[in-house]
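Taking it in order: structure first as structure tokens, then the write-up.
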Amino acid sequence: MKIILHSSDQSSLIKYMKLQIMELSHEVRQHLQIISEMSEMINRNIDLISLQRRHYDILIRKRSEISVITQRLQIDINDMDEHFNSYIKEYK
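First residue of the sequence shown? That's 13 in my numbering, and the numbers climb one at a time after it.
In structure tokens form, the structure reads like this:
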């Protein structure tokens, strides 16, 4: 942020911002890969997960963490990849 605030040259500022976007998108892709791998692991072990599932009880604050993770990872990773790739292409 300091570089952005202190920059007087617009072209170098744009170049710096593009580099930051590229760097962040690379990090996001790495995280998406991890999420995808975790989702595959969960999908492969769905039978084991269902055996270990406990019901969530608000009063005693108890839940099956595996089922919560499974529910949260029910996303389409390809859609996320397309979104970030289009964002990168827009700033190139």
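Each residue gets a CB set at the ideal place from its N, CA and C atoms; glycine is no exception.
By Cβ distance below 7 Å, which residues in the same chain neighbour D69 in space, the five residues on each side in sequence not counted?
At D69 the pLDDT is 46, less than 50, meaning the model places this residue with poor confidence; the figure from the coordinates comes in the next sentence. No residues qualify anywhere along the chain.
Is DSSP giving R65 helix, strand or coil here?
Below a pLDDT of 50, predicted positions are generally treated as unreliable, and R65, at 48, falls in that range; no measurement from the model is reported.
Contact under 8 Å by Cβ, F96 with R41
yes
Straight-line Cα distance separating H43 from I26:
26 Å
E52 to Q22, Cα distance in whole Å?
45 Å
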